[in-house]
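See below for the structure under consideration.
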Amino acid sequence: MSPKQRVGEACIQHLKSGMVVGLGTGSTADFFLQSLATAIKSGQLTDIKGIPTSRKSEQRAIHLGIPLTTLAECPLIDVTIDGADEIAPGLKLVKGLGGALLREKVVAQNSRKMIVIADAGKESAMLGTKSPLPVEVVQFAHEASARYLQSLGCEPSLRKNADGSIFITDNGNYTYDCRFANGIADPEALQGKVLDRAGIVDTGLFLGIASLALIADDAAVRERAG
Ligand code: 5RP
């Protein structure tokens, strides 16, 4: 069993019947969705309602038979379980390589608790040393947003699909993947500067949002608190 599958199964232990659950996006979160569907079908978990973090996870949940709700109907989510691209000390995260950072952050910030599930390869001493930082921007004057991001010390690259077309998020925006040659020394300061600019919607920096990480390697799953 791969570490992603192991942690996608292990996180089910953190759920209880009757919970409203934020459904993450990505390959690790997909193992979680499969395990959740199995637990619902077997009767291990009852009266679960999911809130997806992307159209993709919504389609997967529907396909797997996970009952869904919305933040309009259920304003406070009990727990959100989602993957990450990088996990630094303090459970500071980079997310969004899967293209869903904005809805992922909205869902996580409207949750009592966010649990990150990942393989050990996602752990790092400093954010930005393993993963570029995805930044979602409006399409209008996106080149200006890219120039601003570059002025903050990174190399922004407009995300494209495999066929060369520009990747468009579920919210109709573009994404710049920003490489910081020496990592992101002060993520809080960077987040403040980036969000100060009109046209930039949000970044994949999740700071002070996750409270627990489940990290898997080839042998086991361990817990890391924030
Ligand atoms: C999607 C995300 C994913 O959680 C992140 O990219 C991790 O994906 P994977 O589990 O496939 O490695 O942030 O926007």
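If you read the sequence shown in the working numbering, its first letter stands for residue -8, the second for the next number, and so on. Using N, Cα and C, we set each Cβ at its ideal position, and we do this for glycine too.
Spatially closest choice to residue i from the options, by CA coordinates
i: Ala137; options: Gly155, Asp168, Lys151; result: Asp168
i: Phe131; options: Phe22, Glu214, Arg170, Val192; result: Val192
i: Glu134; options: Val85, Ser115, Glu214, Tyr165; result: Tyr165
i: Ile31; options: Arg46, Val97, Ala52; result: Ala52
i: Glu49; options: Asp187, Ala172, Asp161, Val212; result: Asp161
i: Leu196; options: Ala20, Lys86, Val12, Ser33; result: Lys86
i: Gly199; options: Thr60, Ala153, Ser122, Lys104; result: Lys104
i: Glu0; options: Ser26, Val12, Leu14, Asp21; result: Ser26
Under the three-state DSSP convention, the category residue i falls into
i: Asp38; result: coil
i: Pro125; result: strand
i: Pro66; result: coil
i: Leu14; result: strand
i: Pro43; result: strand
i: Lys86; result: coil
i: Ser8; result: coil
Assumed close pair residue i, residue j - CB separation to whole angstroms, cut-off 8 Å
i: Glu95; j: Thr37; result: In fact, because the Cβ distance is near 26 Å, the residues do not count as touching under 8 Å.
i: Leu143; j: Leu181; result: 7 Å
i: Gly112; j: Thr16; result: Contact doesn't hold; Cβ gap of about 18 Å is too wide.
Contact check, residue i vs residue j, beta carbons under 9 Å
i: Leu24; j: Ile57; result: yes
i: Ala201; j: Ala116; result: no
i: Thr194; j: Pro125; result: yes
i: Ile42; j: Thr60; result: yes
i: Val98; j: Ile78; result: no
i: Val(-2); j: Ile108; result: yes
Residues that residue i bridges to, as DSSP identifies them
i: Ile157; result: Lys151
beta-carbon residue i near ligand 3 non-hydrogen atom, thresh 8 Å
i: Ala20; result: This structure lacks ligand 3; its bound ligands are ligand 1.
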